[in-house]
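Chains F and P, in that order, give the protein sequences. Just so you know, we're using our numbering here: the first sequence kicks off at 380 and counts up by one. Just so you know, we're using our numbering here: the second sequence kicks off at 91 and counts up by one. Heads up, the beta-carbon is just placed ideally off N, CA and C, and yes, glycines get one too. Given the structure is predicted, the values throughout are model-derived calculations rather than measurements. To start, the structure itself, in structure tokens.
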Amino acid sequence: MKQRFPGFAAAAAIGLALPAWAHHSGAAEFDSTKKIDLTGTVTKVEWTNPHAHFFMDVKDASGNVVNWNLELASPNVLIRNGWKRNSVKPGDVVTVTGSPAKDNSHLGIAQTIVFPDGHKLNFLSAFEDNP
Amino acid sequence: MNRTIAISMPLAATAAAGFLLAQTPAPAPRNAGKSQPEGTTNIGLYQRQPRAPTGPAPKLADGTPDLSGVWLGGGSNDSDISRGLKPGEQLVMLPWAADLLKTRKSEEDPEANCLPAGIPRGSPYPWRIAQTPGIYFILFEGNIHSYRQIFMDGRQHPDDPDPTWYGHSTGHWEGQTLVIDTVGFNDKFWFDYAGHPHTEKLHTVERYTRTDMGSMAIEVTIDDPGAYARPFTTAGRARLMAGTELLEYICQENNSDLGHLSGPARGPGGR
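Shown next, in the form of structure tokens:
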């Protein structure tokens, strides 16, 4: 398991910003100028409103396991955009990129989720082309 | 520890950043991939949705306009109501309201607290109108998972209604337009993510016109002499979502974000 965090870098000139997805201001919760890049094993999925979350064990640079809480859009949005409630499930090993919460808790928005076979999901959709 | 480079955001997401969950005008679709399936379209946050059937607006057996269907979007800009005004309209706040707007925080937003959006604030979730004799219902998927009742039997508003989130609504038809008049609001909800306030003096007049099978024009006149110097009217458009039904949305179930919110009130995309 790798953890590349904090991978803080200045926002790109193209205008790095948080996705809009409902319910509350993403900018009030996540810091779009910072980036997370985490690989680990999914331990739990909360398929609940107003946002779905999954939790993932990630080893930090010291070898300590940290359980990250990763946020997605609401199940209602995800379902209509091709996700299923078990698209991410406990035991899956995935790599997540996104932005961390501003309060430095182990919470982040999962903007991209990549599986070992290469297939990708994002915080909003199973349809979109990912980077 | 490797450093990562933040420039890896996809252009699609960059476009999404500018896509606030605005109800006016109809939001631009995100990039839903290289292969948009035939016969599908993007509506708001929702991708690859079946295209709405075309044709004239339908009518019920008695000739009344038929507003049925699952709709997305509303009559105002829910990020900032001042950005969704009908051409020529002006929003002029009284000084106390302008001061309050500047001090509101994201975590105080009723929306973020799973409380009702009131009127006219929309949401990224679809809604329905159910037309039954003497009473219409507006059913919201979110936020919150609730309903309004519109009395169509000719009754008047109560003399002294208890203030509520959705107020007391009566409706009538003016030609092809459903006109809903509402008073009796509480002062708790916000008009938008930005935090535009109002008072219990608020009186709204909504005008719903199904202009064709897949589209509904919505205007809302906001008259609140307690917070605004004069009435103003918003304008927006809802689109038919032909391929979905309302889903359950219980915001209170897992609203774990609230404790992580900070900073001034602003829209979902940060503006």
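**Request:** Consult DSSP for R356(P) and reduce its assignment to one of helix, strand or coil.
**Result:** coil
**Chain-ordered residues of the stretch 478-504 of chain F with a beta carbon less than 7 angstroms from chain P** = A480, K481, D482, S484, L486, Q490, L503, S504
**Item:** Closer than 9 angstroms to chain F by CB, I340(P)
**Value:** yes
**Prompt:** What is the C-beta distance between T260(P) and D271(P), in whole angstroms, given that I count them as a contact (C-beta under 8 angstroms)?
**Reply:** 5 angstroms
**Item:** W220(P): first and last residue of the uninterrupted beta strand (DSSP E) it sits in
**Value:** The sequence as given places Ala at residue 220(P); Trp does not occur at that position. First-last of the beta strand (DSSP E) with A220(P): 217-222.
**Message:** Below 9 angstroms on C-beta distance, what does N460(F) contact in chain P?
**Reply:** A122, L135, Y136, Q137, R138
**Request:** Identify each residue in the stretch 424-447 of chain F for which the Cβ-Cβ distance to at least one residue of chain P is less than 8 angstroms, and report them in chain order.
**Result:** E425, T427, N428, P429, H430, H432, A440
**Prompt:** If you drop the 5 nearest sequence neighbours on each side, which residues of the same chain put their C-beta closer than 6 angstroms to that of D471(F)?
**Reply:** V421
**Message:** Does any residue of chain P have a CB that is nearer than 9 angstroms to the CB of V456(F)?
**Reply:** yes
**Beta-carbon gap between R297(P) and G163(P) smaller than 9 angstroms** = no
**Prompt:** Are A317(P) and A187(P) closer than 9 angstroms when you measure CB to CB?
**Reply:** yes
**Request:** Under 8 angstroms between beta-carbons, which chain F residues line up against N344(P)? List them in chain order, please.
**Result:** E425, T427, N428, P429, H430, H432
**Message:** Can you tell me which residues form a DSSP beta bridge with I415(F)?
**Reply:** G477(F)
**Item:** CB of P211(P) within 9 angstroms of CB of I240(P), strictly
**Value:** The sequence shown places Arg at residue 211(P), not Pro. No, these two residues do not count as a Cβ contact at 9 angstroms.
**DSSP three-state assignment for E198(P), whether helix, strand or coil** = helix
**Message:** Rounded to the nearest angstrom, what separates T130(P) and V445(F) at their Cα positions?
**Reply:** 42 angstroms
**Asked** Can you tell me the Cα-Cα spacing of Q113(P) and Q139(P), whole angstroms?
**Response** Bear in mind that a pLDDT of 31 at Q113(P), under 50, signals an unreliable position, so the number given afterwards is only what the model happens to contain. Rounded to whole angstroms, Q113(P) to Q139(P) spans 18 angstroms at the Cα level.
**Message:** Our contact map puts A147(P) next to R245(P) with C-beta atoms below 8 angstroms; I'd like the distance itself, whole angstroms only.
**Reply:** Wrong, their Cβ atoms sit about 27 angstroms apart, outside the cutoff.
**Asked** Among residues of its own chain, excluding the 5 on either side of Y136(P), which ones have a beta-carbon nearer than 6 angstroms to its beta-carbon?
**Response** none
**Item:** Three-way DSSP call (helix, strand, coil) for T144(P) in this model
**Value:** coil
**Request:** Express the C-alpha separation of K413(F) and H235(P) in angstroms, rounding to a whole number.
**Result:** 34 angstroms
**Prompt:** Whose CA, out of N443(F), L417(F), W426(F), lies closest to the CA of M435(F)?
**Reply:** L417(F)
**Asked** By how many angstroms is the C-alpha of H293(P) removed from the C-alpha of P223(P)?
**Response** 25 angstroms
**Message:** Using a Cβ-Cβ distance cut-off of 9 angstroms, determine whether S453(F) contacts chain P.
**Reply:** yes
**Item:** Helix, strand or coil at T334(P) according to DSSP, with G and I counted as helix
**Value:** coil
**Request:** Identify the continuous beta strand (DSSP E) that holds A307(P) and give its terminal residues.
**Result:** 305-313
**Request:** Kindly provide the ranges of any alpha helix (DSSP H) runs that are 4 or more residues long and lie completely inside the stretch 440-492 of chain F, ordered along the chain.
**Result:** 454-459
**Item:** Short CB-CB distance (under 9 angstroms) between S196(P) and chain F
**Value:** yes
**Prompt:** In the structure shown, what three-state DSSP assignment does T193(P) receive?
**Reply:** helix
**Prompt:** Going by beta carbon distance, what residues of the same chain come within less than 6 angstroms of I492(F), once the five residues before and after it are set aside?
**Reply:** V473, V475, L500
**Asked** According to DSSP, is T114(P) helix, strand or coil?
**Response** In this predicted model, T114(P) has a pLDDT of only 37, less than 50, meaning its place in the structure is not dependable enough to derive any value.
**Request:** Work out the CA separation of S166(P) and G353(P) for me, nearest whole Å.
**Result:** 24 angstroms
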